[in-house]
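Per my numbering, the very first residue in the sequence shown carries number 1; after that it's consecutive. Note that CB positions come from ideal geometry on N, CA and C, so glycine has one too. Structure first, commentary second.
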Amino acid sequence: MIGLCLGLAGVMWAHVPVDDFTLAWTHTIEKVRWEEDYRVTVEGLLLGEARVKGTGAGMEIPDGAELYNGSWHYRRQLAPLQPLRLGRTPEAGDYEVCFDKACHSLSEWLGPPRASQPAVELWSCIDSIE
1 MIGLCLGLAG VMWAHVPVDD FTLAWTHTIE KVRWEEDYRV TVEGLLLGEA
51 RVKGTGAGME IPDGAELYNG SWHYRRQLAP LQPLRLGRTP EAGDYEVCFD
101 KACHSLSEWL GPPRASQPAV ELWSCIDSIE
């Protein structure tokens with residue numbers, strides 16, 4: 001089954017069997033929530049809609065974004081990401097992966113963010129256990 005792999009440099013630390021998910025996090029300075037919807041494809045992670053609750057330092061709202069339900073909604077045309085690299089440190093907090101109407105911090109699969117491992121990559125992959 002295709003799903004979401006979590007790891008670094010092609011080494012899988014965890015596999016989440018999902019077809020799509022929302023990546024969410026809170027901006028470390030402005031304390032504003034960001035969300036990005038992804039579809040898991042063989043080519044990589046395909047970004048769909050993204051949302052942000054407000055603006056601030058380094059948080060410009062993209063051209064064409066529309067405000068509704070308290071968030072700015074927008075789309076960017078990007079090639080599938082394979083991998084998607086995320087900075088992950090104790091100071092910044094953790095990311096959430098949301099699917100099936102629930103959100104899960106990356107800590108559930110990877111343990112808490114550590115200064116000694118300041119990044120994680122997400123990519124589409126096939127679970128070889130099947």
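| Asked | Found |
| --- | --- |
| Where A9 falls: helix, strand or coil (DSSP) | coil |
| Rounded Cβ spacing between W123 and C5 (contact assumed at less than 8 Å) | 5 Å |
| C-alpha gap between P112 and C103, whole angstroms | 16 Å |
| Contact set for K53: own chain, Cβ-Cβ below 7 Å, skip 5 residues either direction | V32, R33, G70, S71 |
| N-terminal and C-terminal residue of the alpha helix (DSSP H) that Y107 is part of | First, the residue type needs correcting, since residue 107 is Ser and not Tyr in the sequence shown. It spans 107 to 110 - the alpha helix (DSSP H) in which S107 sits, taken as one unbroken run. |
| 7 Å Cβ shell around G64 - same chain, five flanking residues per side excluded | Y74 |
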